[in-house]
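Notes to accompany the following structure.
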Amino acid sequence: MKITKNVLSIPLFAFLFLVLSCSGDNDNLPEKEEPTAPVQTKHFNPPLWIQGTWHTTGTPTTRLKFTKDDIISLNDNSSLNDQINKSKTTNLIWAVEDEGASNTLYYYRLTFRSVGGGPYAENKFRVQKINDTLMLRAPDFSYLIYYVKEKD
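Residue numbers in the sequence shown follow my numbering, run continuously in steps of one, and reach 504 at the last position.
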């Protein structure tokens, strides 16, 4: 009987030893993780000749500001970089699929895709420099859009 009590008490003591001797693995971790600010990814690299503010001729007037790493619509103060980065948390993902530049040409192609896949839409932007203060866009063959560079 004495041997049976000792045999039964060994697993009990082992269990108590394991439970009481375990310490938390998170002793050195902060109690609450601070949220990190989203990283602002830059998606555009407009050439030097196009950097500045441009407006379309005709009505209504569209005003665009090209910086070294962004394109901003001055009509509603919206940044394309911001819109693309914000889309990463929505169901419609924006992406720059193609961008290129030369001394007289700048172009990019934006695509819009749903998170689950399927069909997508795209918007192509292509302008040709005529001179230092005038550029031309032909979104399709039915009309032309002229942009005039504003003075700084």
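In this text, a Cβ means the ideal position worked out from N, Cα and C, and glycines have one as well.
- Rounded to whole angstroms, the Cβ separation of Asn455 and Trp401 is 7 angstroms, and the two are in contact under 8 angstroms.
- Check the Cα spacing between Tyr460 and each of Thr411, Pro491, Thr405 and Gly404: the tightest is with Pro491.
- When the five nearest sequence neighbours on each side are left out, the beta carbons in the same chain lying within less than 7 angstroms of the beta carbon of Ser431 are those of Asp422 and Ile424, in order along the chain.
- Sequence-distant partners of Val467 (beyond 5 residues in either direction) whose C-beta falls short of 6 angstroms from its own C-beta, in its chain, are Asn443.
- A direct Cα-Cα distance of roughly 10 angstroms separates Leu486 from Thr409.
- Here DSSP, grouped into helix, strand and coil, assigns Leu400 to helix.
- The beta carbons of Ala453 and Thr463 sit no closer together than 9 angstroms.
- Put simply, of Ser439, Thr411 and Phe396 the residue whose alpha carbon is nearest the alpha carbon of Thr419 is Phe396.
- The alpha carbon of Val500 has as its nearest neighbour, out of Trp406, Pro399 and Pro398, the alpha carbon of Trp406.
- In this structure, the straight-line span from the alpha carbon of Ile436 to that of Ile445 is close to 7 angstroms.
- Here Arg489 is actually not in contact with Ile482; their C-beta atoms are around 11 angstroms apart, not less than 8 angstroms.
- With a 10 Å radius around the Cβ and a threshold of 16 neighbouring Cβ atoms, Asn433 comes out buried.
- The alpha-carbon separation between Ala473 and Asp504 amounts to approximately 35 angstroms.
- Looking only at Leu457, Thr441 and Gln480, the smallest Cα-Cα distance to Arg465 is reached by Thr441.
- In this chain, the beta strand (DSSP E) harbouring Asn475 covers Tyr472 to Asn483.
- Excluding residues up to 5 positions away in sequence, Tyr459 and Tyr460 lie with their Cβ nearer than 7 angstroms to the Cβ of Phe477 in the same chain.
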